[in-house]
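Remarks on the structure that follows.
Numbering (full-length UniProt numbering), first residue to last: 1 to 280.
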């Protein structure tokens, strides 16, 4: 599979694996099977966050990748975390998964498939964390412990709701973390609907992660601004119009040659089909 360099020292497969559903909508057995299939088929990029799996997805990946850490790119995020109440859901997850079987997509939009998607002011199981250098350091250390690694390939600010007022301090803190070897790249993950808030600071980040699909209303503007930049896209099949999934992925890679496309895919046949699209 073709690879792209997202940041110095971070070489990623162009197809990435979205881990949002792990230990949320998807149980451990199915997640293990899907991750093994992804690795066997050349996928090296795995996207997670502190909040995924109601706070448990990072630990799952840490155990899974213990022997393959140097062969994969692990991206995580800070800014949203699971609350203590999330732990109360653990015994209910198997029942919820059983009720939801048969609804998985071949390349599911990462956020839509995650049953832990944050709903500000209504979700008792997640909370937002102030975007400060101190909170970033604390969150990173917890991610590293959970993932059983001494570095992250990419660390993203996780969908802030407003302008990052202290962006210079955040970038300076990220530079220190790079110098310490704890991260290799620093990025911003956001919904494109809010892009104007962050547009003045785009160039401060090594990589941007946002929703993108060929039939999306913002596609032409995103192409104009980011076609030759390093990006990670989620929700690629949302608003795809008349294009097939394979055509959608191929167009994204053609129009954004330095970008990774994330798919939350837990069916081995879907994984193989998406990998085939990445090889065309």
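Note that CB positions come from ideal geometry on N, CA and C, so glycine has one too.
Because the structure is a prediction, the values reported are computed rather than measured.
{"Item": "Pair within 8 Å by beta-carbon distance, residue 86 and residue 52", "Value": "no"}
{"Item": "Residue 149, buried or exposed, once every other Cβ within 10 Å from all chains shown has been counted against 16", "Value": "buried"}
{"Item": "Beta bridge counterpart(s) of residue 188 as assigned by DSSP", "Value": "157 and 208"}
{"Item": "Environment of residue 5 [buried if 16+ CB atoms lie within 10 Å]", "Value": "exposed"}
{"Item": "Per-residue DSSP class, three states only, for residue 45", "Value": "strand"}
{"Item": "Secondary structure of residue 166, DSSP reduced to three states", "Value": "coil"}
{"Item": "Coil, strand or helix - residue 275 by DSSP", "Value": "helix"}
{"Item": "Residue 274 vs residue 252 beta-carbon contact at 8 Å", "Value": "no"}
{"Item": "Within the segment 46-85, ranges of the beta strand (DSSP E) (whole runs, at least 3 residues)", "Value": "73-78 and 80-82"}
{"Item": "Cα-Cα separation between residue 172 and residue 161, rounded to whole angstroms", "Value": "21 Å"}
{"Item": "Whole-angstrom distance between residue 33 and residue 176, CA atom to CA atom", "Value": "37 Å"}
{"Item": "Whole-angstrom distance between residue 280 and residue 282, CA atom to CA atom", "Value": "The question about residue 282 has no answer, for the chain in this structure spans 1 to 280."}
{"Item": "Beta-carbon separation (whole angstroms), residue 166 vs residue 194, contact threshold 8 Å", "Value": "About 18 Å; that fails the 8 Å criterion."}
{"Item": "Coil, strand or helix - residue 242 by DSSP", "Value": "coil"}
{"Item": "C-beta atoms of residue 72 and residue 185 nearer than 8 Å", "Value": "no"}
{"Item": "Environment of residue 124 [buried if 16+ CB atoms lie within 10 Å]", "Value": "exposed"}
{"Item": "Residue range of the unbroken beta strand (DSSP E) whose run includes residue 282", "Value": "Any question about residue 282 goes unanswered here, given that the chain covers just 1 to 280."}
{"Item": "Anticipated Cβ contact below 8 Å, residue 241 with residue 214, distance rounded", "Value": "7 Å"}
{"Item": "Sequence-distant residues of the same chain with beta carbon closer than 6 Å to residue 239, five excluded per side", "Value": "213, 215 and 216"}
{"Item": "Simplified DSSP state of residue 131, which is helix, strand or coil", "Value": "coil"}
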